[in-house]
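Chains S and F supply the protein sequences, listed in that same order.
Each residue of the first sequence is one higher than the one before, starting from 965 at the first, in our numbering.
Each residue of the second sequence is one higher than the one before, starting from 2 at the first, in our numbering.
Working notes, beginning with the structure itself.
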Amino acid sequence: MNLAVRDIRHSAGRFAFTTVGIGLLLMIVMGMGGIYRGLIHEATLLVDTVDADLWIVQGRTRGPFAEVSRISGSLEDRARAVPGVAEARRFVSHTIQREYQGRPLRMVVQGLSWPEDRGEWVPLVAGRPLGRSHYEMIADTSLQLPLGASVRLGKDLYEVVGLTRGMVGSGGDGLAFFTVADAMAIQFDQPGEAIRLERAARRARVEAVDLGRLQPQLLDRAEGLVSGIPALGGTQISAVLVSLAPGADPEAVRRTFGTWPDVTVYSTEEQRELLLSGMVDKARRQLGLFRALLIVISTIIIALIVYTLTLDKVRDIALLKLIGARNPVIVALILQQALLMGAGGYALAWWWGRYAFPRFPRLVLVTPADLASLAVIVLVISTLASFLGIWKAMRVEPNTVLAA
Amino acid sequence: MNITAPAITVEHLRKVYGSGHTEVVAVRDASLEIARGEIVGLLGPSGSGKSTLLTAMALINPPTSGRITINGEAVLDGPRALVDLRAFRRRHLGFVFQKANLIPFLTALENVQIAMEVNDVAPWAARTRALELLGYLDVEERARNLPAALSGGEQQRVAVARALANDPTLILADEPTAALDSTRGRQVMELFARIAHERGAGVLVVTHDHRTLDVFDRILDVEDGAIQCRKNGSAAPEA
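Structural data, given as structure tokens:
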């Protein structure tokens, strides 16, 4: 006869409420694990999706995700000339916050190396890749921009021609893909007054030197576009992405780039590791610690619940002892109830999580491996939690029945 | 089961609580014997030591000194257990209390069945015997009810059925009629007498109910921790 099941059946309402409480607690534990996984997934999503073999970044820096990286746009052409390189693309990435229809619009502006890269590799859920060199964008659905929408960024209007889903940056902001030229125009957009002031300042600096006075043409150039001034106008990008030719020796290509003193080269795996160990490291450690804390709290709460349930059954336990029930019968009563509560709570947490987690503002990624590990954790904490109740039950004297 | 041996023999039992100036002698040099098939009443005022004597005989409150033998097997020598007491209780003792003390989440049938299942009786056999016992005690029709749905008398009869489950050598009852009206109290006492005489179990009943003394084969009075006198003319020995 299973005493645990019969007791639960008798106090079904109370047991259900308790299990609901435990389920909510376990859903938070599950969610914390999901947020942790989601953080890692989002942080490395772009690195994994962009499909590059090598990342060339500013010398002695850790790349565009860890810190500011500025390299010359011409590096793309230098990289293409290296034996073993099949393709080199410019990479521009920065986060902006603007307004769209009265709401804040925060996005990671991602430059595609037009015309080689039109965003064909971006997983689209609607629309198409970029078809023009300017004024088109592919937006993640999290940005809530409909297909065909026009968004003003800087001085220009950009039309949403494609939609992707789940493409976010390490901060959880949706990605928006533009050509590199547009991405840079958005990044370096300045108000007209600022441009006029800068030009005036340049003219003043040129007038202050002999060369400026002797060469009036220089004064005209100083007042013109930045791109028209060779000394100032070099395109600055974040990185160059290199894809190797089939059969190329990656180490040999790396060694070649390693001889260039102005850049540092990383493999995709190294870039990934830099992200995890640098940018998201503290956040994931904090989540990990918080999750561990929640597991400890869950254990204590389940232990107290089991202890209270045991206190309610002291007379029944005493009677069982009086009529000669062996300890395993009593231990099984308490342990099975703790395990059933844990299992019920786990099932509820999983079920609720399926509906709740997709509604979270950032990705909550619960993997089968995490579900399995949490199941084992629940099993362990339910067992540990039952020890307090079992300890109490073992101390109950049979003559407690006679005391009342 | 040794059917020729007395159900229980208690020799020079003494129980002392506390020590030094806080020492209280609850039972002093009590000796008694209950034969199988005999029903014995244990009377005495509150605090006289009868409950201490009962719990010592129930093997849940070891005496300070003295010896207890049940069914011919020495069980306790002073506080020292000579056998596994819990296992011994399971096989040889049945208990009935002032309150029925049924497990609230088990049906009447299961309350009887559990006493046999903890004694390693197969569930189907335990169920069959439990139904038979409930029939014997006229509560078979309430077998599937939870205790809360039973009257006080029905609960007490289920408790008696539970006490009989393992065909015990000795049934110990602590004021089993206290919570019942006089009619039902009388019925329960007559039931104990029937169990003793028909089933051959020794029955010891602690009671305050003087209206039912006629059912006992023998009555023992406990006063100040000692068994003082004997009534109803039994030949059973006592100190």
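Every residue, glycine too, gets a C-beta built ideally from N, C-alpha and C.
Contact annotation for D1280(S) against chain F: I104 [CB-CB distance below 7 angstroms, chain order]. CA-to-CA, the gap between I9(F) and L86(F) works out to about 15 angstroms. Along the region 1275-1305 of chain S, going in chain order, the ones with a CB nearer than 8 angstroms to a CB of chain F are R1279, D1280, L1283, L1284, K1285, L1286, I1287, G1288, A1289, R1290 and V1293. Residues of the region 1331-1365 of chain S whose Cβ lies closer than 8 angstroms to any Cβ of chain F, in chain order: E1361, P1362, N1363 and V1365. Contact of N62(F) with chain S by beta-carbon distance below 7 angstroms involves N1363. Contact check for G201(F) and A27(F): beta-carbon distance about 31 angstroms, past the 8 angstroms limit, so the pair fails to qualify. The beta-carbon of M1243(S) is placed no less than 8 angstroms from the nearest beta-carbon of chain F. For D1174(S), no beta strand (DSSP E) segment is defined; the enclosing uninterrupted segment is the alpha helix (DSSP H) at D1174 to L1178. Of the residues V1227(S), L1327(S) and A1282(S), the one whose Cα lies closest to the Cα of S1036(S) is V1227(S).
Put simply, of G1083(S), Y1099(S) and H1098(S) the residue whose alpha carbon is nearest the alpha carbon of R1092(S) is G1083(S).
Along the region 1105-1138 of chain S, none of the residues has a CB nearer than 9 angstroms to a CB of chain F. CA-to-CA, the gap between V1217(S) and I1341(S) works out to about 46 angstroms. Rounded to the nearest whole angstrom, the CA to CA distance from L165(F) to T65(F) is 30 angstroms.
Identification of chain F residues near R970(S) by a Cβ-Cβ cut-off of 8 angstroms yields F106, L107 and E111, ordered along the chain.
Against chain S, the CB of R91(F) has a partner CB under 8 angstroms away; the residue lies at that interface. I1020(S) and A1007(S) have their alpha carbons spaced roughly 19 angstroms apart. S32(F) sits away from V17(F), with the two beta carbons spaced by 8 angstroms or more.
Taking the beta carbon of D168(F) as reference, no residue of chain S falls within 9 angstroms; the closest one sits roughly 14 angstroms away. From the beta-carbon of H974(S), the residues of chain F found nearer than 9 angstroms are P105, F106, L107 and L147. Judged by beta-carbon spacing, R90(F) lies within the 8 angstroms limit of L1286(S), meaning their Cβ atoms are closer than that value. In the DSSP secondary-structure assignment, S975(S) is not bridged to any residue. Sequence-distant partners of A1212(S) (beyond 5 residues in either direction) whose C-beta falls short of 6 angstroms from its own C-beta, in its chain, are G1048.
With fewer than 16 other Cβ atoms inside 10 Å of its own Cβ, P1087(S) counts as exposed.
E111, Q114, I115, A116, E118, V119, N120 and P124: these are the residues of the region 111-135 of chain F whose beta carbon lies less than 7 angstroms from some beta carbon of chain S, given in chain order. Sequence-distant Cβ neighbours of F96(F) in its own chain, meaning closer than 7 angstroms and more than five residues away, are A59, A164 and L173.
Residue environment for T1331(S): exposed (fewer than 16 other C-beta atoms within 10 angstroms of its C-beta).
Residue nearest to V1328(S) within the set G1066(S), A1030(S), I1261(S) and L1251(S) is L1251(S) (criterion: CA-CA distance). Counting the other Cβ atoms within 10 Å of the Cβ of V1072(S) gives 16 or more, which makes it buried. Here V1089(S) is exposed, its C-beta having fewer than 16 other C-beta atoms within 10 Å. Residue-level contact by beta carbon fails for M994(S) and chain F, as no gap is shorter than 8 angstroms. Three or more pairs of CB atoms, one per stretch, sit closer than 8 angstroms, so the region 1108-1127 of chain S contacts the region 1144-1155 of chain S. Scanning chain S for C-beta atoms nearer than 7 angstroms to the C-beta of A88(F) yields G1288, reported in chain order. Residues of chain F with a Cβ closer than 9 angstroms to the Cβ of M991(S) do not exist, since the nearest Cβ in that chain sits about 29 angstroms away. Neighbourhood of M965(S) in chain F, by CB distance below 9 angstroms: L107, E111, Q114, I115, E118, P124 and A127, in chain order. In the three-state DSSP reduction, Y137(F) falls in the helix class (H, G or I). With 16 or more neighbouring CB atoms inside 10 Å of its own CB, D1104(S) falls in the buried class.
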